[in-house]
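*Asks:* One structure, pasted below without further comment.
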Amino acid sequence: MTLRKLLETAEPNVSKADLKMIERAYQFAEKAHDGQKRATGVDYIEHSLCTAQTLAELKLSAPILIAALLHDVPEDTATSLEDIRKEFGADIAKMVEGITKLSHVKYRGIDRYVENLRKMFVAMAQDIRVILIKFADRLNNLQTLYALPANKQKRIASETLEIYTPIANRLGIGELQARLEDAAFKYAYPDEFIATEQIIKQIFPHKKKTLDSMIRKLKKKLDNANVKYYDIYGRTKHYYSFYRKFLKYNKDVNQIYDLVAMRIIVDSIADCYAVLGIVHNSWKPIRGRIKDYIAQPKPNGYQSLHTAVFGEDQEIVEIQIRTREMHEQGEYGIASHWNYKETPSKPKEVKWVAELARWLKTVKDNANFLEGAKIDVFQNRIFVFTPQGDVIDLPDGATPIDFGYHIHSDIGNKASRAMVNNELVSLDRTLKNGDVVQIITDKNRKGPNPEWLRFVKTRTARQHIENFKNKSWKNILPKFSK
Ligand code: MN
Numbered sequence: 000m001t002l003r004k005l006l007e008t009a010e011p012n013v014s015k016a017d018l019k020m021i022e023r024a025y026q027f028a029e030k031a032h033d034g035q036k037r038a039t040g041v042d043y044i045e046h047s048l049c050t051a052q053t054l055a056e057l058k059l060s061a062p063i064l065i066a067a068l069l070h071d072v073p074e075d076t077a078t079s080l081e082d083i084r085k086e087f088g089a090d091i092a093k094m095v096e097g098i099t100k101l102s103h104v105k106y107r108g109i110d111r112y113v114e115n116l117r118k119m120f121v122a123m124a125q126d127i128r129v130i131l132i133k134f135a136d137r138l139n140n141l142q143t144l145y146a147l148p149a150n151k152q153k154r155i156a157s158e159t160l161e162i163y164t165p166i167a168n169r170l171g172i173g174e175l176q177a178r179l180e181d182a183a184f185k186y187a188y189p190d191e192f193i194a195t196e197q198i199i200k201q202i203f204p205h206k207k208k209t210l211d212s213m214i215r216k217l218k219k220k221l222d223n224a225n226v227k228y229y230d231i232y233g234r235t236k237h238y239y240s241f242y243r244k245f246l247k248y249n250k251d252v253n254q255i256y257d258l259v260a261m262r263i264i265v266d267s268i269a270d271c272y273a274v275l276g277i278v279h280n281s282w283k284p285i286r287g288r289i290k291d292y293i294a295q296p297k298p299n300g301y302q303s304l305h306t307a308v309f310g311e312d313q314e315i316v317e318i319q320i321r322t323r324e325m326h327e328q329g330e331y332g333i334a335s336h337w338n339y340k341e342t343p344s345k346p347k348e349v350k351w352v353a354e355l356a357r358w359l360k361t362v363k364d365n366a367n368f369l370e371g372a373k374i375d376v377f378q379n380r381i382f383v384f385t386p387q388g389d390v391i392d393l394p395d396g397a398t399p400i401d402f403g404y405h406i407h408s409d410i411g412n413k414a415s416r417a418m419v420n421n422e423l424v425s426l427d428r429t430l431k432n433g434d435v436v437q438i439i440t441d442k443n444r445k446g447p448n449p450e451w452l453r454f455v456k457t458r459t460a461r462q463h464i465e466n467f468k469n470k471s472w473k474n475i476l477p478k479f480s481k
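Just so it is clear: in the sequence shown, position 85 is 84 by numbering that gives the first Met the number 0, and no numbers are missing.
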């Protein structure tokens, strides 16, 4: 890795003055790390460069790249945070400080896990950019893991899959999530990794051939119909996500249609639907596999049209259609808020991150923390709608009561009946993606039914119901004691 390569990657996305500043940060870091080596034997600065390079590939802006180059300086050298502040300003120094704080994790076992999570959330709540740099830092550490002893390899790889990649997923940074997962997969589950590699190598060539031929035909059809496309290409599923699907479908490879998928990038939403029509006209779609994530985006913001068709040679092929903006959002997620484009809204705070961070400050014991964090971050999410069309993001298995408490504690406390898609349903009904949910309240109701604790899935709902239960006991007790 060289400074020249980093500057070339960053160049289209940053100003001339920024390029100079990146170069200065490189020289500053190189001087500070002078004489230090990585476990692999290379100069330490190589690691700083690789970290910045990953972020440059995500088209991120200069301050992030500069902080990435400097990220290990205060931790590992005689140069201090104060020196960085003097040289590069408060914003960059603050980011570097955030990363430094993340690297001190004292404990072992479950306490280490919890401490790690806690620190990640605190850092994210202060500045999401810190977590982007941490992800890039971790990616390079995984790529050079071969130089470390086996027990360290295993710990760093598992920690990545348990903590880092679920957060990357929730932030919608698909590209970085995939790279982290595959780099960690090899060390966390070596046997499974080898098996997955063998399966993919076995079935990939034929699928690829089919796909290439279908792409050629589709290009002709789109040209004939005068539908403009920006790019059409085949993308291969990454190893870890293939492996997870493999387990989900009871190790039946034939159930996994999207090992390779055709991806079509167009200019407008209207063109997305036009392309979908031509695709379905050319190959027979598979029932139940058409998903409109444009009309109903995933909770992390992902948008696309998905379909699967019976293509050539009896091969089932998945097809994804999206605009360029959707493509960027899908690959870079929240990171696209800090890229070269001058987007007006650079979110200071991400709602669910801020909520989690606030809550974790109040939690005393680790077992409790873990339970809540697992529910809120690491479960699969579904999205449902209010009758006004607002999207509500809930954990898989959530019920109308969870929905009610998510809207407002009063709606949860006074819920009496629920309508899902205009039909009356029981309050313990499991909600599904895309459901329109309405809660009918009874204002004379005293409070929640403790029985609800048997089926609610969210921490918020559980807390409100338990609080009420405890309070009502306290109200009753003095009467008996008199
Ligand atoms: Mn580092």
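Glycine included, every Cβ here is placed at the ideal spot set by N, Cα and C.
Remember, predicted model here, so these are calculated numbers, not experimental data.
CB-CB under 8 Å to I277, same chain, minus the five flanking residues each way: which ones, in chain order?
*Replies:* Mapped onto the sequence shown, residue 277 falls at position 278. So the list reads L217, K220, L221, A224 and V226, once near-sequence residues are dropped.
*Asks:* According to DSSP, is Q26 helix, strand or coil?
*Replies:* Stepping through the sequence shown from its first residue, residue 26 is reached at position 27. Reduced to three states, the DSSP call for Q26 is helix.
*Asks:* Is K236 helix, strand or coil by DSSP?
*Replies:* Counting from 1 along the sequence shown, the entry for residue 236 is found at position 237. Coil.
*Asks:* Compute the Euclidean distance between the alpha carbons of A437 and D409, then round it to the nearest angstrom.
*Replies:* As a position in the sequence shown, residue 437 is number 438, starting the count at 1. As a position in the sequence shown, residue 409 is number 410, starting the count at 1. The residue asked about is misnamed: residue 437 is Gln in this sequence, not Ala. If you take the alpha carbons of Q437 and D409, they lie about 14 Å apart.
*Asks:* Are there 16 or more other CB atoms within 10 angstroms of the CB of F479, so buried, or fewer, so exposed?
*Replies:* To locate residue 479, count along the sequence shown from 1; it is residue 480. Here the model assigns F479 a pLDDT of 43, short of 50, so the residue's position is not dependable and the matter cannot be decided.
*Asks:* State whether the region 413-426 contacts the region 270-289, with contact taken as three or more CB pairs (one from each stretch) at a distance under 8 Å.
*Replies:* Contact between the region 413-426 and the region 270-289 is absent, because fewer than three Cβ pairs lie under 8 Å.
*Asks:* With DSSP collapsed to three states, give me the class of T322.
*Replies:* Looking up residue 322 in the sequence shown gives position 323. Looking at T322 - three-state DSSP - the assignment turns out to be strand.
*Asks:* Going straight from the alpha carbon of M20 to that of I83, what length do you get?
*Replies:* As a first step, residue 20 must be located in the sequence shown, where it is residue number 21. As a first step, residue 83 must be located in the sequence shown, where it is residue number 84. Distance between the alpha carbons of M20 and I83 is about 13 Å.
*Asks:* May I ask you to report which of helix, strand or coil DSSP gives I263?
*Replies:* Position 264 of the sequence shown, counting from 1, holds the residue named residue 263. Three-state DSSP puts I263 in a strand.
*Asks:* Going by beta-carbon coordinates alone, are L141 and A156 separated by less than 9 Å?
*Replies:* Residue 141 sits at position 142 when you count from the first residue of the sequence shown. Residue 156 sits at position 157 when you count from the first residue of the sequence shown. Yes; because the gap between Cβ atoms is below 9 Å, this pair is in contact.
*Asks:* Do T164 and the ligand MN come close, with the Cβ less than 8 Å from some heavy atom?
*Replies:* Position 165 of the sequence shown, counted from the start, is the residue given in the question as residue 164. No, the beta carbon of T164 sits no closer than 8 Å to any heavy atom of the ligand MN.
*Asks:* Could you tell me which whole beta strand (DSSP E) segments of length 3 or greater appear in the region 401-467?
*Replies:* As far as the region 401-467 is concerned, its whole beta strand (DSSP E) runs of at least 3 residues are 414-419, 422-424 and 436-440.
*Asks:* Got a sec: does the ligand MN put a non-hydrogen atom nearer than 8 Å to the Cβ of N140?
*Replies:* Counting from 1 along the sequence shown, the entry for residue 140 is found at position 141. Checking the Cβ of N140 against the ligand MN gives yes.
*Asks:* Which word fits Q52, buried or exposed, when buried means at least 16 other C-beta atoms lie within 10 angstroms of its C-beta?
*Replies:* The residue labelled residue 52 in the question sits at position 53 within the sequence shown. Buried: at least 16 other Cβ atoms inside 10 Å.
*Asks:* CB I98 to CB V129, shorter than 9 Å?
*Replies:* On the sequence shown, residue 98 is found 99 positions in, with the first residue counted as 1. On the sequence shown, residue 129 is found 130 positions in, with the first residue counted as 1. Yes, the Cβ-Cβ distance between I98 and V129 is below 9 Å.
*Asks:* Thinking just about the alpha-carbon of each residue, which of A260, E191, K236 and Y248 is nearest to the one in I214?
*Replies:* Looking up residue 214 in the sequence shown gives position 215. Of the listed residues, the one whose Cα sits closest to I214 is A260.
*Asks:* Could you give the residue range of the beta strand (DSSP E) that holds I391?
*Replies:* As a working note, residue 391 is residue 392 in the sequence shown. It spans V390 to P394 - the beta strand (DSSP E) in which I391 sits, taken as one unbroken run.
*Asks:* Using C-beta distances below 7 Å, list every residue in its chain close to K244, excluding the 5 sequence neighbours before and after it, in chain order.
*Replies:* Mapped onto the sequence shown, residue 244 falls at position 245. Hits under 7 Å: I255.
*Asks:* Below 8 Å, can you find three or more Cβ-Cβ pairs linking the region 277-297 to the region 237-251?
*Replies:* Because the criterion of three Cβ pairs below 8 Å is not met, the region 277-297 and the region 237-251 do not touch.
*Asks:* At what residue ranges does the region 268-317 contain a whole run of the alpha helix (DSSP H), taking only runs of 4 or more?
*Replies:* The region 268-317 contains these whole alpha helix (DSSP H) runs: 268-281.
*Asks:* So who's on the other strand from D230, going by DSSP bridges?
*Replies:* Sequence index remark: in the sequence shown, residue 230 carries index 231 (1-based). For D230, which the question treats as bridged, DSSP gives the partners I264.
*Asks:* Would you kindly work out how many angstroms separate the C-alpha atoms of A55 and L5, rounded to a whole number?
*Replies:* Position 56 of the sequence shown holds residue 55. Position 6 of the sequence shown holds residue 5. Whole-angstrom Cα-Cα distance: 7 Å.
*Asks:* Under 6 Å, CB to any heavy atom of the ligand MN. Which residues pass, going along the chain?
*Replies:* Listed along the chain, these residues meet the criterion: H46, H70, D71 and D136.
*Asks:* May I ask you to report which of helix, strand or coil DSSP gives K250?
*Replies:* Translated into positions along the sequence shown, residue 250 becomes position 251. Note: K250 maps to coil in three-state DSSP.
*Asks:* Quick one: complete alpha helix (DSSP H) runs, 4+ long, within the region 149-211?
*Replies:* DSSP runs (the alpha helix (DSSP H)) wholly in the region 149-211: 149-158, 164-169 and 173-187.
*Asks:* Determine the closest residue to I400 out of P386, D389, I439 and N421, with distance taken between C-alpha atoms.
*Replies:* Within the sequence shown, the letter at position 401 stands for residue 400. Checking every option, the nearest Cα to that of I400 belongs to I439.
*Asks:* Does DSSP classify V383 as helix, strand or coil?
*Replies:* Within the sequence shown, numbered from 1, the residue matching residue 383 stands at position 384. Residue state, collapsed to three classes: strand.
*Asks:* On the DSSP bridge assignment, give the partners of D42 in chain order.
*Replies:* Translated into the one-based positions of the sequence shown, residue 42 becomes position 43. Answer by DSSP bridge pairing, in chain order: K36.
*Asks:* Cα-Cα, which of I268, G310, D75 and E81 is closest to K36?
*Replies:* Taking the sequence shown and counting its residues from 1, the one referred to as residue 36 is at position 37. With distances taken between Cα atoms, K36 lies closest to D75.
*Asks:* Within the same chain, show all residues whose beta-carbon is closer than 8 Å to that of K153, passing over the 5 residues directly before and after it, in chain order.
*Replies:* Indexing the sequence shown from 1 puts residue 153 at position 154. Counting only Cβ-Cβ distances below 8 Å, and skipping sequence neighbours, we find Y186 and A187.
*Asks:* Helix, strand or coil: how does DSSP classify V121 here?
*Replies:* For the purposes of this step, residue 121 is identified with residue 122 of the sequence shown, where counting begins at 1. DSSP places V121 in helix when its eight states are reduced to three.
*Asks:* With respect to the alpha helix (DSSP H) encompassing N225, which residues constitute its N-terminal and C-terminal limits?
*Replies:* Position 226 of the sequence shown, counted from the first residue, corresponds to residue 225. Segment: none, N225 is in no alpha helix (DSSP H) and carries neither H nor E.
*Asks:* Rounded to whole angstroms, what's the CA-CA distance from A460 to H405? Just pull it up for me.
*Replies:* Mapped onto the sequence shown, residue 460 falls at position 461. Mapped onto the sequence shown, residue 405 falls at position 406. C-alpha separation (whole angstroms): 8 Å.
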